[in-house]
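A.B. asks:
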Amino acid sequence: MTEFSKTDAGPAEPAAAAAVSSAKSHTKIPATVITGFLGAGKTSLVRHLAETANGKRFAFIVNEFGDLGVDGEIIRGCGIEGCEDDDVIELANGCICCTVADDFLPTIEKILSRPDQPDHIIVETSGLALPKPLVRAFGWPDVRTRVTVDAVITVVDGDAVERGLFAPDPDAVAAQREVDENLDHETPLEELFEEQIQCADMVVVNKADLLGEAGLEAVNAAIGRHARPAVRTVVSEHGRIAAAVALGLDAAAEDDLDSRPSHHDGAHDDHDHDDFESFVVDLETESDPAALEARILAAVEAYDILRVKGFIHVEGRDMRLALQGVGPRLQSYYDRDWQSAEERAGRLVVIGHHGMDEGTIAAAIRGTA
């Protein structure tokens, strides 16, 4: 049964914020995924969460379509104390759910590698994002031990849903889909609406000031047909939902995927987080980094390796060589000097599907096969 309520977005209680802060070092970093159609009010909600967080430090991942960077600029220009440019990482090459292997995972790892860890991660998806594949990405071995999906929040334009349009400007959504070559969502808007509701832990009916009582009932009914049991729905104007209401839901959505049905379950749903595994390949000092990279790329292709990352000691170099590979793309650069207490040896983490032949892959990378 979907719960419907109206909220006045007041600030979070200091005691609650202090409790969350004190527990931070003992728990995973919570992440909130905010989804919804273009123009529904996602960015307004993100800004209001930041304004009412009582000093909570956020890391923002803004999945911007195209090269405009509009949402990132809005967040940067919000004037909120502590909201710095480095806290906003924009993904400008398409829908997150289509490019998680290329963009989302390295972005999360960049956040996790920062010395000043955030209290909360906010992911604002593009208007055409399917939320379930993004939630699944939080189950990757490098991520699941350090981050949990606190909630998926779906923002809907109440006025558009009442009129049966689902998005406030369907033509703009169609243009977004057509222009961005990375998007491959041929799904009708009504089906995308269902996807976003079915995955939600909270639904925000925005622009409620444009709805009368009958209109709100109609919107609630449309949401209730697809929402999972006990999902809370709140109404808002201009995205004004306080952090105390929207954050701290503790849904652990990455462990609850089976309860979130999708029209796209099947071909792209073959692997959940239990189907991934990783292992470490230890390497001696490398005299020919180019040859090593060639062996890694050959192993990636031959054994369906998903990710490779680590550090290499190169003969005659005082700096360590950092390697980062996603699928067939491999990057390398010298990141810093080796420390005096460090062993100058190479270590690569290999991530792939369950059942990898570790010995064969390690031998291929070392060149001893």
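Residue numbering for the sequence shown follows this note's numbering, starting at 7 and increasing by one per position.
Idealized CB from N, CA, C, for every residue including glycine.
As the structure is a computational prediction, the values presented were derived from the model and not from experiment.
1) Quick check on the burial criterion: 16 or more other C-beta atoms within 10 angstroms. Buried or exposed for P235?
2) Please list the terminal residues of the continuous alpha helix (DSSP H) segment that includes K315.
3) Please state if the CB of V153 and the CB of K34 are separated by a distance shorter than 8 Å.
4) Can you tell me whether DSSP reads S338 as helix, strand or coil?
5) Report all residues from its chain with a CB closer than 8 Å to the CB of T151; omit the five preceding and five following residues, and keep chain order.
6) Determine which residues share a DSSP beta bridge with I159 and list them.
7) Assuming contact is defined by CB atoms lying nearer than 8 Å, are I318 and L329 in contact in what I supplied?
8) Who are the near neighbours of A369 in its chain, counting only those whose CB is closer than 7 Å to its CB and skipping five residues on each side?
9) If you drop the 5 nearest sequence neighbours on each side, which residues of the same chain put their C-beta closer than 8 Å to that of S268?
10) Roughly how many whole angstroms lie between the Cα atoms of L303 and P334?
11) In the structure shown, what three-state DSSP assignment does A308 receive?
12) What did DSSP end up calling F10 once you bin it into helix, strand or coil?
13) Identify, in the order they occur along the chain, each residue of the same chain with its Cβ nearer than 8 Å to the Cβ of A216, setting aside the five sequence neighbours on each side.
14) Using C-beta distances below 6 Å, list every residue in its chain close to T41, excluding the 5 sequence neighbours before and after it, in chain order.
15) Following the continuous beta strand (DSSP E) through I117, name the residue where it begins and the one where it ends.
16) Would the beta-carbon of L289 fall within 8 Å of that of A351?
17) Report the partner residues of D343 according to the DSSP bridge assignment.
18) Which residues share a DSSP beta bridge with Q330?
19) Please identify the residue among V241, V237, A233 and G170 whose C-alpha is closest to the C-alpha of E219.
20) Just how far apart, CA to CA, sit E187 and P112?
21) Around the Cβ of G373, are there at least 16 other Cβ atoms within 10 angstroms (buried) or fewer (exposed)?
22) Nearest to P121 by alpha carbon, out of M208, A65 and G61?
23) Going by DSSP, what residue range makes up the beta strand (DSSP E) through L354?
24) Return the residue from the list R169, I357, A257 and A258 that minimises the CA-CA distance to E223.
25) Would you mind sorting D3 into buried or exposed? The rule is 16 or more other CB atoms within 10 Å of its CB.
26) Cutting at 6 Å between CB atoms, please list the residues of its own chain near A29, excluding the five before and the five after it.
27) What residue does the beta strand (DSSP E) around T239 start on, and which one ends it?
28) Considering only their Cβ atoms, is the gap separating A46 from N212 smaller than 8 Å?
29) Is L253 helix, strand or coil when you go by DSSP?
30) Excluding five sequence neighbours on each side, which residues of the same chain lie with their C-beta closer than 6 Å to the C-beta of E283?
31) Do V306 and V314 have their C-beta atoms closer together than 8 Å?
32) Please classify L289: does DSSP put it in a helix, a strand, or coil?
33) Across which residues does DSSP place E200 in a beta bridge pair?
34) Report the CB separation of A257 from V155 in whole angstroms; it is logged as a contact under 8 Å.
35) For the alpha helix (DSSP H) containing N226, name the first residue and the last one.
36) Do T38 and L263 have their beta-carbon atoms positioned less than 8 Å apart in this structure?
C.D. replies: On the basis of the supplied data:
1) By the neighbour-count rule (16 or more Cβ atoms within 10 Å), P235 is not buried but exposed.
2) Unbroken run through K315 is the beta strand (DSSP E), R313 to I318; no alpha helix (DSSP H).
3) yes
4) strand
5) K34
6) I40 and M208
7) Yes, the pair counts as a contact, with Cβ atoms nearer than the cut-off.
8) A375
9) L136, K138, E201, Q204, C205 and D275
10) Across the structure, L303 and P334 are spaced so that their CA atoms are roughly 6 Å apart.
11) helix
12) Because F10 carries a pLDDT of 33, less than 50, the predicted location of this residue cannot be relied on, and no value is offered for it.
13) The amino acid at residue 216 is misidentified as Ala; the sequence shows Leu. Cβ neighbours of L216 beyond the five flanking positions: G164 and D165.
14) T131, A135, P137, T160 and Q202
15) Where I117 is concerned, there is no enclosing beta strand (DSSP E), although the alpha helix (DSSP H) it sits in stretches over L111 to L118.
16) yes
17) M325
18) K315 and Q337
19) V241
20) Below a pLDDT of 50, predicted positions are generally treated as unreliable, and E187, at 47, falls in that range; the measurement from the model is reported next regardless. Straight-line Cα distance between these residues: approximately 21 Å.
21) exposed
22) Among M208, A65 and G61, the Cα nearest to that of P121 is on A65.
23) Note, L354: beta strand (DSSP E), G352 to H359.
24) R169
25) Nothing can be reported for residue 3, as the shown portion of the chain is limited to 7 through 375.
26) Low confidence applies here, because A29 scores a pLDDT of 43, under 50, leaving its location unreliable; read the following figure in that light. Excluding residues within five positions, none has a Cβ falling inside 6 Å.
27) R238 to V241
28) yes
29) coil
30) H360
31) yes
32) Three-state DSSP puts L289 in a strand.
33) Partner(s): none; E200 has no beta bridge.
34) 6 Å
35) E219 to G230
36) no
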